[in-house]
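What follows is a single structure, written as structure tokens, with notes after it.
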Amino acid sequence: MNRSHSLAAALLLAAAPAAAQTIAITGGTVYPVTGAPIRGGTVLIRDGKIAAVGANLAIPADARRIDATGKWVTPGLFESSTNMGLVEVEAVRETDDFEIRDVNPENGDQVAAAFNVADGLNPRSMVIPVSRIAGVTTAVSRPAGGLISGQAVAIDLAGNRVEEMVIASPVAMFANLSEGSRAAGGNARGGQSMRLREVLEDARAWARNRQAFERGETRDFSVSRLDLEALQPVLAGREPLAVEAHRASDIQTVLRIGREYNLKLIIVGGTEAWMVASDLAQARVAVLVKVLNNLPGSFESLGATYENAARLRRAGVQVAITSGETFKAYNIRQEAGNAVAYGLPWDEAFRAITLAPAQIFGVADRYGSLEPGKVADVVVWDGDPLELLTRVNTVIIRGREIPLVSRETQLRDRYRRLDDNRAYRP
Amino acid sequence: MNRAPYALVLAAVAACSQAQARPANRPGTPSPQAAPAPRPPANPFPSTYRPFPSTPTLIRGGTVLTAAGQEIRNGQVLIVDGKIAAVGATVDAPAGVTVIDAIGRWVTPGVIDDHSHLGVYASPGVQAHSDGNEATQPNTAEVWAEHSVWPQDPGFVRALEGGVTTMQILPGSANLFGGRSVVLKNVPSRTVQGMKFPGAPYGLKMACGENPKRVYGQRGGPSTRMGEMAADRQAWIRAVAYRDRWARWDRDHTGNPPERDLELETLVGVLNGEILVHNHCYRADEMAQMIDMSHEFGYRIRSFHHGVEAYKVRDLLARDSISGSLWADWWGFKMEALDFTRANLALVHEAGVRAIVHSDDPTGIQKLNQEAAKAMEAGREIGIVIPDSTAIRWLTANPAWALGIDRWVGTLEPGKNADVVIWSGNPFSVYTRADQVFIDGALMFDRFNPNRRPRTDFEVGLFPAEAGR
């Protein structure tokens with residue numbers, strides 16, 4: 018039995034249908050991402066899906082209308098690297114579920130390939146609504162730490178059960194080839210890549226000798242059986258290996274290993290990716306870029322620049338813009354806005370927080386744009402969504418309108434007046 | 017009055033040092049003939065800052081936010097001798113003045129960040145650059161941040177590109193008393209002294225809550241909030257006694273003078289109102305305790321920093337004229353940062369507290385204008401409408417007050433130092449960038465002129481194989 022596949026299957030089979038409700042968002046300027054903006058356009062939502070998008074749609078009599086006159090209508094924003102749902106308070110470690118610590122403590126192998134974060138997801142996390150009401154509807158919630166961190170899942174930021182949230186699982190195997198993961202390779206770069214190759218070799222050898230392994234007739238492998246099994250879709254090129262790397266030469270090392278094993282790669286962070294943009298373009302490897310990153314904060318990021326995203330796109334590299342945040346994932350639109358300020362065309366920046374991450378993580382058939390048949394994750398804004406003075410008017414996830422309430426707004430309202438009755442308010 | 021050698025003679029420093037236009041010479045070479053008056057002995061590390069060369073300049077056609085309440089469309093700002101000479105719809109400019117066309121652009125005072133660790137936690141953030149927390153004992157009031165600042169921190173240049181002209185560099189928050197802060201001008205300099213803001217008072221960094229008890233909980237304490245308060249109060253008791261010993265000696269001159277104590281000199285500076293307290297504090301109840309403690313010992317708190325729950329006690333801050341140095345939206349990283357609201361700045365502002373957008377971060381400092389924009393939006397959601405002409409004060413006039421330098425900077429008013437930013441558009445738009453930044457009338461950064469972009473020593477020759485960045 019393939020454990021990771023069964024988990025994924027279980028999650029997807031149980032995905033609940035959204036409310037059988039018809040919603041018509043009318044009068045706004047619709048930004049479908051896949052096509053030109055439609056002034057005075059309508060987005061018709063039925064049964065949790067986008068039924069139609071256009072200028073002159075017939076609106077069914079039973080449709081609930083949302084007037085978006087003068088407003089912008091877009092797909093929900095897609096945060097591609099976060100721990101949302103996996104942590105409540107960062108420093109309260111017992112609420113952190115995104116990292117397997119002390120992986121295999123006997124030899125500290127730093128490999129947690131079999132670790133899928135899905136079972137740790139908390140649909141009732143108080144962190145999720147804070148970004149959801151700011152227009153972030155979809156996320157790749159990912160593990161962290163070690164050489165191979167584990168499996169990430171794509172989730173909608175709504176639902177009462179994990180099965181209702183998960184879009185796809187796993188969407189990528191996350192790994193590190195950065196200064197933060199040096200311990201995995203004896204504190205040397207060559208050691209890290211050596212270790213990564215060892216693990217991949219073991220996974221390949223294990224797959225060829227499964228029956229011998231079960232009979233106890235193989236050599237020892239350097240990671241557990243579950244990890245070896247979990248790496249098979251990665252070796253088959255079905256599941257991307259998303260590797261955090263920053264120094265230009267480290268990114269090139271990742272590309273080299275990817276070539277050796279025919280891996281499908283994603284570069285996470287990629288602070289100096291612009292310096293090796295042609296290599297990335299040639300290898301057709303996408304990069305998850307945090308735009309507001311221009312400090313030589315370490316010796317692996319001396320080439321940090323706000324123009325990273327723009328330069329990568331000019332070289333033809335697929336780019337998703339990430340906030341890299343969990344508590345402040347709502348800042349993804351600020352990141353995209355700054356990408357525009359530093360040379361990326363607006364359409365590209367908006368695509369980098371909607372359709373591009375959906376494509377990179379293999380869910381673009383259902384997410385990332387306003388097209389008939391796609392899941393109805395839709396946001397109505399009172400202006401340009403990348404502008405910080407713009408406000409969210411409506412958030413719809415899987416066809417359901419989300420109340421614009423979070424713990425943060427409730428505390429605000431509780432203290433709107435300073436009087437002693439506050440303790441009796443919600 | 018100088019009743020003890022530990023007293024800082026701020027008035028004397030201020031009088032002798034404020035930014036005279038210096039003779040034209042090459043940038044970075046202080047001119048000896050412009051040396052300040054004899055240094056007061058209580059100022060052992062005096063500022064050697066001299067303004068860079070400037071020419072009389074007229075910035076015209078832009079939207080001017082004076083931070084003194086006005087928004088002037090198609091306005092004019094005249095800079096002469098490093099000072100704001102005139103601001104208005106039209107001003108009388110002398111012949112031969114350099115004219116800068118700011119049509120379609122915005123003009124504001126330089127941005128001031130009253131909470132930065134640039135230089136003390138410099139980039140690259142390697143262990144060797146970790147100079148911000150003297151985490152060896154919970155009270156290190158004796159340390160001075162200026163003795164840790166590395167002037168070659170590339171973060172200074174990045175902050176300048178974001179319009180930041182003045183910064184308070186604080187020690188970290190590991191300790192109850194972290195030490196003295198220093199106020200710096202954001203100018204290239206070989207020495208910290210060359211960046212020090214002439215006349216700026218010192219600050220004292222205090223911290224309460226999770227950080228000190230986390231750092232010292234297993235190292236002799238304090239391990240609790242009540243332990244922190246006790247240690248604070250014991251320190252103030254010693255400071256009061258030290259102040260009184262000196263007062264007695266000043267009066268009687270009998271016997272030997274008391275032995276100098278660096279830690280207590282700083283605390284007495286606070287008691288005397290010469291050193292301003294910058295108090296790292298997250299929770300509402302803790303801010304209330306710190307306020308009561310200040311009453312117990314007779315000192316003032318100038319600003320609460322971080323204040324994630326400041327909105328809950330905004331009336332207490334207003335009553336004591338304590339400013340709120342806050343983030344727009346940081347939260348969740350620890351328990352005491354849980355009860356945030358994005359409306360914090362707006363609510364605090366509405367209550368009559370001086371609201372300040374601070375960074376505590378080498379990236380955030382570059383985009384303080386954007387942080388303000390987010391806080392403005394959050395206010396608007398609950399009907400607190402903050403016009404641009406007011407919000408700009410969160411970045412300029414209010415932090416200038418918190419640092420005790422509002423006589424000189426923070427607004428565009430005649431006589432003030434000409435610290436000016438020309439923005440490519442409305443500063444509260446995400447698409448806007450600082451085009452030009454002036455400090456004391458000198459053009460320190462121009463994003464269209466590579467020769468007007470400082471480069472730190474650290475950034476020289478980093479990429480031998482690259483043609484340039």
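Residue numbers (the numbering used here), protein chains in the order written: chain G, 18 to 443; chain W, 17 to 485.
Virtual Cβ for every residue (Gly too), placed ideally from N, Cα, C.
Could you work out which residue in A359/W, I128/W, D355/W is closest to R424/G when comparing CA atoms only?
Walking along the first sequence from the start, residue 424/G turns up at place 407. Here the closest residue by C-alpha is D355/W.
Decide if the segment 366 to 384 of chain W is in contact with the segment 429 to 437 of chain W; the criterion is three or more beta carbon pairs, one per stretch, under 8 Å apart.
no
Integer Cβ distance of L252/G from R221/G, believed to fall under 8 Å:
Residue mapping note: residue 252/G aligns to position 235 of the first sequence, counting from 1. Residue mapping note: residue 221/G aligns to position 204 of the first sequence, counting from 1. With a Cβ gap of about 6 Å, L252/G and R221/G count as contacting.
Short of 8 Å in beta carbon distance, which residues of its chain neighbour D336/W, apart from the five on each side in sequence? Order them along the chain.
In the second sequence, the residue the question calls residue 336/W occupies position 320. Taken in chain order, the residues that qualify are I307, S310, R316, I317.
Is T406/W closer than 8 Å to P125/W when the C-beta atoms are compared?
Translated into the one-based positions of the second sequence, residue 125/W becomes position 109. Translated into the one-based positions of the second sequence, residue 406/W becomes position 390. The beta carbons of P125/W and T406/W sit no closer together than 8 Å.
Chain W contacts from the segment 319 to 333 of chain G (Cβ-Cβ distance under 8 Å)
Result list: L319, G320, T322.
Could you tell me whether the Cβ of N438/G comes closer than 8 Å to any Cβ of chain W?
As a first step, residue 438/G is located in the first sequence; it is residue number 421 there, counting from the start. No - not a single Cβ of chain W is within 8 Å of the one on N438/G.
H60/W: buried (16+ other C-beta within 10 angstroms of its C-beta) or exposed?
The residue you call residue 60/W lines up with position 44 of the second sequence. The amino acid at residue 60/W is misidentified as His; the sequence shows Pro. Flag for P60/W reads exposed.
Taking W122/W as the reference, give the member of F479/W, Q452/W, C297/W with the closest Cα.
Taking the first residue of the second sequence as position 1, residue 122/W is located at position 106. When only C-alpha atoms are compared, the closest one is Q452/W.
In chain G, which residues lie less than 7 Å from S139/W when you measure between Cβ atoms?
Reading the second sequence from its first residue, position 123 is the one you call residue 139/W. The contacting residues are L312, P313, G314.
Return the chain-ordered ranges of every beta strand (DSSP E) run that is complete within the segment 402 to 468 of chain W and spans a minimum of 3 residues.
436 to 439, 450 to 455, 458 to 462
Which bits of chain G does S445/W rub up against, with CB to CB less than 7 Å?
Against the second sequence, residue 445/W aligns to sequence position 429. Residues of chain G passing the Cβ test: E404.
Roughly how many whole angstroms lie between the Cα atoms of L282/G and G333/G?
Here residue 282/G refers to the residue found at position 265 when the first sequence is read from its first residue. Here residue 333/G refers to the residue found at position 316 when the first sequence is read from its first residue. Using only the alpha carbons, I get a separation of about 16 Å.
Under 7 Å between beta-carbons, which chain A residues line up against Q351/G? List them in chain order, please.
Considering every chain present, this structure includes no chain A. Its protein chains are G and W.
Minimum C-alpha distance to R141/G - residue among A356/G, L213/G, G102/G, D64/G
Taking the first residue of the first sequence as 1, we reach residue 141/G at position 124. The shortest C-alpha separation from R141/G is found at G102/G.
Reduced DSSP category for D401/G - H, G, I as helix; E, B as strand; rest coil
Taking the first sequence and counting its residues from 1, the one referred to as residue 401/G is at position 384. D401/G: coil per DSSP, three-state reduction.
Bounding residues of the beta strand (DSSP E) (the contiguous stretch that carries E393/W):
Your numbering for residue 393/W matches position 377 in the second sequence. No beta strand (DSSP E) holds E393/W; the alpha helix (DSSP H) holding it covers 384 to 397.
Which of the three DSSP states is assigned to I62/G in this structure?
Residue 62/G sits at position 45 when you count from the first residue of the first sequence. Residue state, collapsed to three classes: strand.
Among the candidates G348/W, R261/W, G210/W, whose CA atom is the shortest distance from the CA of R276/W?
To locate residue 276/W, count along the second sequence from 1; it is residue 260. That would be R261/W, whose Cα lies nearest to the Cα of R276/W.
Contact set between F132/G and chain W, taken where Cβ atoms lie within less than 8 Å
For this step, residue 132/G is matched to residue 115 along the first sequence. Chain-order list of chain W residues neighbouring F132/G: empty, with the shortest C-beta distance near 23 Å, by a criterion of under 8 Å.
Can you confirm whether A326/W, when its beta carbon is compared against all beta carbons of chain G, has any partner nearer than 8 Å?
Taking the first residue of the second sequence as 1, we reach residue 326/W at position 310. Cβ-Cβ to chain G under 8 Å: no for A326/W.
Report yes or no: is there a C-beta of chain G within less than 8 Å of the C-beta of L487/W?
For residue 487/W there is no data in the structure shown, the boundaries of chain W being 17 and 485.
T411/G vs V397/G beta-carbon contact at 8 Å:
The residue you call residue 411/G lines up with position 394 of the first sequence. The residue you call residue 397/G lines up with position 380 of the first sequence. Contact flag set, yes.
Assuming I95/W and P72/W are in contact, meaning their beta carbons sit under 8 Å apart, how far apart are those beta carbons, in whole angstroms?
In the second sequence, the residue the question calls residue 95/W occupies position 79. In the second sequence, the residue the question calls residue 72/W occupies position 56. Confirmed, about 7 Å.
Establish whether the CB of A358/G and some CB of chain W are separated by less than 8 Å.
For the purposes of this step, residue 358/G is identified with residue 341 of the first sequence, where counting begins at 1. Cβ-Cβ to chain W under 8 Å: yes for A358/G.
Is E418/G helix, strand or coil when you go by DSSP?
The residue you call residue 418/G lines up with position 401 of the first sequence. In the structure shown, E418/G sits in a strand (DSSP, three-state: E or B).
Determine which residues of the segment 303 to 325 of chain W have a Cβ less than 7 Å from any Cβ of chain G, and write them out in chain order.
none
Kindly indicate the opening and closing residues of the alpha helix (DSSP H) around M306/W.
Here the question's residue 306/W lines up with position 290 in the second sequence. Run containing M306/W: 300 to 313, per the alpha helix (DSSP H) assignment.
With distances taken between CB atoms, is the gap from P110/W to G148/W smaller than 8 Å?
Here the question's residue 110/W lines up with position 94 in the second sequence. Here the question's residue 148/W lines up with position 132 in the second sequence. In this structure, P110/W sits away from G148/W, with a CB-CB distance that is not shorter than 8 Å.
Short Cβ contact (8 Å threshold) for A161/G with E234/G:
The sequence position of residue 161/G within the first sequence is 144, counting from 1. The sequence position of residue 234/G within the first sequence is 217, counting from 1. Contact: no.
Please report the Cβ distance between P187/G and A201/G, rounded to the nearest whole angstrom; I am assuming they are in contact, meaning their Cβ atoms lie under 8 Å.
Along the first sequence, one-based indexing puts residue 187/G at 170. Along the first sequence, one-based indexing puts residue 201/G at 184. Rounded to whole angstroms, the Cβ separation of P187/G and A201/G is 20 Å, and the two are not in contact under 8 Å.
Chain-ordered neighbours of W347/W on chain G, where CB pairs are closer than 9 Å:
Start at 1 with the first residue of the second sequence, and residue 347/W comes out as number 331. Within chain G, the residues near W347/W are V147, F344, K345, E425.
Mind the definition here: the segment 139 to 156 of chain G touches the segment 211 to 219 of chain G only if three or more C-beta pairs lie below 8 Å; say whether that holds.
no
So is N410/G in contact with chain W if we call contact Cβ pairs under 8 Å?
Here residue 410/G is taken as the residue at index 393 of the first sequence, counted from 1. By this cut-off, N410/G is not an interface position.
Cutoff 7 Å; reference S440/W; Cβ partners in own chain excluding five residues on either side
Locating residue 440/W in the second sequence gives position 424, counting from the first residue. Contacts found: R121, T448, R449, D451.
Per DSSP, what are the beta-bridge partners of E277/G in this structure?
Mapped onto the first sequence, residue 277/G falls at position 260. According to DSSP, which records beta bridges pairwise, E277/G is partnered with nothing at all.
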